[in-house]
Each structure stands twice: as structure tokens, then as C-alpha cells.
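Trainee: Every letter in the sequence shown is one number past the one before it in our numbering, and letter 327, counting from 1, is 1457. In this text, a Cβ means the ideal position worked out from N, Cα and C, and glycines have one as well. Because the structure is a prediction, the values reported are computed rather than measured.
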Amino acid sequence: MIAVIFLFDGSHFCQPNKGLPLYYKNYIMLGHPSLSVNKELAAIFRKMSTCYRYLGKDQRFRAMAYEMAARTLGNMKEPVSLYKGDMKKLEALKGIGESIAGKIVEYVNTGKIATYEKLKKEVPLQLLDLTEIDGMGPATIRLLHEQAGIQTKEDLLQALEQDRLSGIKGFGEKRINNLQQVLKVKTGRERIPLSEAERIAANVLSELLKIPGVQNATIAGSIRRKKLTIGDIDIVMVAEYKHWKKIINKFTQLPFVKEIKAQGQTRATVLLKEGNIQVDIRVVHDYEYGSALFYFTGSKEHNIQLREMAKKRGWKINEYGVFDLQTGERLAGETEEGIYGLFGFRYIPPWKRTGNDEWALYKKQQQYLTDKAG
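#1: Tell me which same chain residues have a C-beta within less than 6 Å of the C-beta of Val1235, skipping the five on either side of it?
#2: Using 8 Å for Cβ pairs, my map puts Lys1283 next to Ile1341. What's the rounded Cβ distance?
#3: If you follow the alpha helix (DSSP H) that Glu1337 is in, where does it begin and where does it stop?
#4: Need the endpoints of the alpha helix (DSSP H) that Gln1292 sits in, please.
#5: Please say whether Leu1258 and Tyr1182 have beta carbons closer to each other than 8 Å?
#6: Run through DSSP, which three-state label would Phe1301 get?
#7: In the DSSP assignment, the alpha helix (DSSP H) including Gln1393 goes from what residue to what residue?
#8: Can you round the beta-carbon distance between Gly1451 and Arg1460 to whole angstroms, since I take them to be within the 8 Å contact cut?
#9: Quick one: any contact between the region 1193 to 1201 and the region 1221 to 1234, if contact means 3 or more CB pairs under 8 Å?
#10: Ends of the beta strand (DSSP E) at Thr1396?
#11: According to DSSP, simplified to helix, strand and coil, what is Gly1318?
#12: Should Trp1508 go down as buried or exposed, given a rule of 16 or more other Cβ atoms within 10 Å for buried?
#13: Hey, Leu1338 and Val1344 are a contact pair by Cβ (cut 8 Å); roughly how many whole angstroms apart?
#14: Which residue comes first and which comes last in the beta strand (DSSP E) that contains Thr1180?
#15: Taking only the alpha-carbon atoms, compute the straight-line gap between Lys1207 and Tyr1246 and give it to the nearest angstrom.
#16: Can you tell me whether Glu1449 is buried or exposed, with buried defined as 16 or more other CB within 10 angstroms of its CB?
#17: Look up Val1366 in the DSSP assignment and give the residues it is bridged to.
#18: Can the beta-carbon of Arg1483 be found less than 8 Å from the beta-carbon of His1415?
#19: Just verifying my parser: in three-state terms, what is the DSSP assignment at Leu1461?
#20: Asn1406 by DSSP, collapsed to three states: which one?
#21: Our contact map puts Ala1398 next to Thr1382 with C-beta atoms below 8 Å; I'd like the distance itself, whole angstroms only.
#22: Taking the beta strand (DSSP E) that Trp1445 belongs to, which residues open and close that run?
#23: Report the CB separation of Ile1330 from Glu1404 in whole angstroms; it is logged as a contact under 8 Å.
#24: Check the C-beta distance from Gly1420 over to Gly1361 and give it rounded, since I have them as a contact under 8 Å.
#25: Starting from the C-beta of Met1439, find all residues in its chain whose C-beta is less than 8 Å away, skip the five residues before and the five after it, and write them out in chain order.
#26: Which residue marks the beginning of the alpha helix (DSSP H) containing Phe1424, and which one marks its end?
#27: On the premise that Ile1363 lies in contact with Ile1349, defined as a C-beta separation below 8 Å, what is that separation, rounded to the nearest angstrom?
#28: Measuring only the C-alpha atoms, how far is Arg1412 from Lys1376?
#29: Suppose the cutoff is 6 Å on Cβ atoms and the five residues either side in sequence are ignored; what does the same chain contact list for Met1367 look like?
#30: Would you list the one or two residues that DSSP bridges to Phe1475?
#31: Do you know how far the Cα of Phe1301 is from the Cα of Asn1486?
#32: To the nearest angstrom, how far is the alpha carbon of His1162 from that of Lys1242?
#33: Going by alpha carbons, who is nearest to Glu1488 out of Lys1441, Glu1464, Gln1435 and Leu1290?
#34: Report the option in Val1167, Gly1428 and Arg1201 whose CA atom is closest to the CA atom of Val1210.
#35: How many angstroms separate the CA atom of Lys1524 from the CA atom of Lys1187?
#36: Can you check DSSP and say which residues form a bridge with Thr1359?
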């Protein structure tokens, strides 16, 4: 049998196939003397480096080692597969020790690296793609994952739209605005009149309440605040934990759903067939219902202002409730009335939550004090 070997300059020669070196055999299979294996390994090692940086400071040296190995492979002028039978030669390459050399051989032989496959299960790789954004390093992404449950770009977009990042360390107004611009949070969907949005939301709500296990559900967001035009529909539901998964699955399978954009244990985002409108649902425990409803109703400015009041008292407020930062004790969260009462205010109607003068208007005549306020 005659083999045609194409060289780097485009020329070729022929020789018997018997006894061809491994790299010539690779040339025949690939059609040209490709360095693709180097590029593939370099890409994997860079991802492994990012994963290790995500896992924390105690993994920084391992992260640096894989980054250096990736650079070495990227700069090589010949396929690293030529070295697979000579470990000493592999280990002599800059930044490649015994462990990484073994992984190179493993990949050349099997097309996989077991350690990388394990890392992919430990780290939210979809979110790590955001490291390409200036200022979004692995440590920041880990913070978002742990404190806001963000696992995908869609989760991050939703968190930005719902102002769920403001309470996280390092995420001030300027940084959030920059992220919004980079990620183009405004998706380009047309806003619709309130009356039309209320009609569509009511239909969705009606179907949700028919799902077994749903105890209560309320439309939140800008519809609840009676804004003149609406971008999307937000709904908060109450159910026992054991029903959450089935409820989410059932919702995404309803006949009016056009596309599932995101789906998790506690929430889902879909596009409707009618008007391509986005619907975000969130299912919570009954003792979190008030805080979740408050949180996802907004407005952004209103929520930020109450969050600042909480900080001054040594408390924290989020979609799960109001908590004492020192003891971790839950102070309120079952009802919105309870939350406002804790801070010394009467219940503020959603359409009054503008972040302007509502606090003065709804302040209780006699300041509401608790032994938790200090």
C-alpha cells in the first residue's frame, strides 16, 4: 500500500504504509500534518487552570502549572503526540512535569482526561465562559455561584434584571451597570401595554394554580407595580419542597410555552408563544413567600433603600427573608406586612414602591422598635 504524505509546505511524497511512524499515520488520517492535538490540549489545560482558580487560593499553583503547560503546547512547532512514547522528552518541555505529561499521553491515547471530566462536574463551566468579560475572574464567578445560585449566563442575566446582585460584596451600582451593558440585559423584546400583560399573566397564573402541590401564586414584577408598559412576567409561588421539581417540570411543559430559556430546582424562565413574552417563575417555602414577593416585585430603587436600612440595623434582607447578621436568626419573611412592620412602616402598596417619598408617607406614627434593632 502506498501512503501519500502531505508536508507543511504543501508538497508531498509517497512511501509504503508499512512501518510508518505514528505521526505520519496521523497525517494520513487528518489529511495534513495538523497541530490540532496541541490546540485541543492547550484549550483543555486553560479550562482546567480556570477551574482550579475557581476552586480557591489553595489551588493557585496547580492553576499556574496548567496555564504554563497550555502556553508551551500553543507555542510548539510539532505535534506533541510525537512525544507520547518518551516521557522524559515530554517532561523536559517547559512547564510540563510528570503529572501533566501523563495527562497528555492519556489524551493522545483516549481523547479524554479523567481529571478534567471530574472538574466539569464540580465547576459551573458555562459560567466560567464569562471570564472573557473584563473583571469577571473565577473568584468573582464563584462568589456569584455561591451567594446567588448563578450557574449559567441566563441566570446572571435574570439576576441583573431582578437586582439580585446589589447585596453581594464587590457589586456596586457602577459594576452592575457595566455588566448590564456588556451582557446586553435588554434583550430587544418589545414592551407591551399593562392591560395586555395582565391578561396574559392571568392566563399563566390560572394554569399554574392547577398544578398539584401549588399552594399559592402571585404575579410580581412591574405588572404588580402597575407600570404602563411591561417587559416580562414574574410570578412567585408557594409549595412544599417535595413538589418543587414536579411543579417546575409541569410549568415548562404547558402548551403555551414556546421555549425554555432556563430551568433549575427553584425557578424557570420560558418564552410564551403569544408575543414571545418572557415568564419567570420562582417557587419558595411558605415562610419565604413575603420576602420573595417583596424582592421580585421591586422597584429596584425601593429594594435598595430597604436593604440600606437593614444594613444600618445589622440585618440582611434578600428573597429568603430578613436576617440578623450576628445570629443568623430569621426576623421576618412570611408576609410583606411583617417585613415593613419590622422596619417601622405600614404596608406599602406595590404601585407606591418607587424609591422616592414612600418611606415618609408610610412611616408608622409611633416608631416600631424591636429588641433586634439594638
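Mentor: In brief:
#1: Lys1214
#2: With a Cβ gap of about 28 Å, Lys1283 and Ile1341 do not count as contacting.
#3: Leu1324 to Leu1339
#4: Here Gln1292 belongs to no alpha helix (DSSP H), and DSSP marks it neither H nor E.
#5: no
#6: coil
#7: For Gln1393, there is no enclosing alpha helix (DSSP H); the enclosing beta strand (DSSP E) has its first and last residue at Val1387 to Gln1393.
#8: 5 Å
#9: In the pairwise beta carbon analysis, the region 1193 to 1201 is classified as touching the region 1221 to 1234: at least three pairs are separated by under 8 Å.
#10: Membership of Thr1396 in any beta strand (DSSP E) is not indicated, and neither H nor E is assigned to it by DSSP.
#11: Because the pLDDT of Gly1318 is 49, which lies under 50, any placement of that residue in the model is unreliable, and the number read from its coordinates should be weighed accordingly. Of the three classes helix, strand and coil, the one that applies to Gly1318 here is coil, per DSSP.
#12: What is shown of the chain runs 1131 to 1504, which leaves residue 1508 out entirely.
#13: 6 Å
#14: Careful: Thr1180 lies outside any beta strand (DSSP E), inside the alpha helix (DSSP H) at Ser1166 to Leu1185.
#15: 25 Å
#16: buried
#17: Thr1348 and Arg1412
#18: His1415 is positioned such that its CB atom lies no closer than 8 Å to that of Arg1483.
#19: strand
#20: coil
#21: 6 Å
#22: Trp1445 to Asn1448
#23: 6 Å
#24: Between Gly1361 and Gly1420 the Cβ distance is about 24 Å, and since that is not below 8 Å, they are no contact.
#25: Phe1473
#26: Tyr1419 to Thr1427
#27: 7 Å
#28: Between the alpha carbons of Arg1412 and Lys1376 lies a distance of about 13 Å.
#29: Sequence-distant Cβ neighbours of Met1367 in its own chain, meaning closer than 6 Å and more than five residues away, are Val1344, Ala1347 and Val1413.
#30: Lys1493
#31: 23 Å
#32: Its pLDDT being 39, under 50, His1162 is placed unreliably by the model, and nothing is read from it.
#33: Gln1435
#34: Val1167
#35: Given that the chain is displayed from residue 1131 to residue 1504, the structure contains no residue 1524 and the question cannot be resolved.
#36: Thr1359 has Pro1323 as its beta-bridge partners, per DSSP.
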